[in-house]
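1281 is the number of the first residue of the sequence shown in the working numbering; add one for each residue after it.
Think of the CB as a built atom: it goes at the ideal place given N, C-alpha and C, for glycine as much as any other residue.
The structure presented is a predicted model; accordingly, all values stated were derived computationally and were not measured.
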Amino acid sequence: MSQEDIRFRQRFQNYHRAFGFLRTIVALPPKTDIERAALIQAFELTFELAWKLLKDELAMQGQVIPSPRDVIKQAFQNRAIANGEAWLRALQDRNNTTHIYDEETSKAVSARITGEYFPLLEDLHRRLLPLLK
């Protein structure tokens, strides 16, 4: 097994755990600021691992791409992900979540996480899970 394969497997195991935690939080719609903060934090971690998994997958195909935006665009071109525009919106929200200071913005981002971004992360999880068995 190559170093790339090992890294991919380790990263997927981390993604699997983070995704499971995110799935639990998504199933319990946040009502308080603390619950929304937990949802956003779980999304940040899961999304970070997701784009890095895509990066690793591209690297195993000989495509070395450093930036998350370019990784998402290439993964979409390669049909590794289905909705490139939604992934790019998720990236933008991921980048903005470190600067959320008001309740309205956190509510809007939380709604996008549960309604739009979680299904993207779920599709990736579903697609990659069989590769590691």
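Straight-line CA distance for residue i to residue j?
i, j, result
"D1252", "E1284", "Outside the displayed range of the chain (1281 to 1413) lies residue 1252, so it cannot be described from this structure."
"G1300", "P1309", "15 Å"
"D1334", "V1351", "The question names Asp, but residue 1334 in the sequence shown is Leu. Their Cα atoms are separated by approximately 7 Å."
"I1305", "I1286", "29 Å"
"R1374", "F1327", "7 Å"
"S1386", "T1377", "8 Å"
"K1413", "D1382", "43 Å"
"F1356", "A1370", "14 Å"
If I follow the unbroken alpha helix (DSSP H) through residue i, where does it start and stop?
i, result
"T1416", "Nothing can be reported for residue 1416: it is not among the residues displayed for the chain, which extend from 1281 to 1413."
"K1353", "1348 to 1357"
"I1305", "1283 to 1307"
When the Cα of residue i is compared with those of the options, which residue comes out closest?
i, options, result
"R1297", "R1359, G1342, A1322, T1378", "A1322"
"G1395", "F1288, L1319, H1405", "L1319"
"R1407", "Y1295, T1312, S1282", "Y1295"
"E1415", "A1391, Y1397, L1409", "Because residue 1415 is not part of the residues shown, which for the chain are 1281 to 1413, the question remains open."
"D1313", "W1331, L1409, I1380, L1400", "I1380"
"Q1372", "P1410, W1331, L1409", "W1331"
"R1291", "R1369, N1363, E1337, N1358", "E1337"
"Q1341", "P1399, L1401, F1288, P1410", "F1288"
"A1307", "F1356, M1281, F1398", "F1398"
"E1363", "L1401, A1388, E1384", "Note that residue 1363 is Asn in the sequence shown, not Glu. For the residues L1401, A1388, E1384, the minimum Cα distance to N1363 belongs to L1401."
"L1329", "P1348, Q1343, K1311", "P1348"
"R1303", "I1393, I1361, L1409, E1365", "I1393"
If you scan the segment 1362 to 1403 from start to end, which runs of the alpha helix (DSSP H) of 4 or more residues do you find wholly inside it? 1364 to 1376, 1383 to 1392
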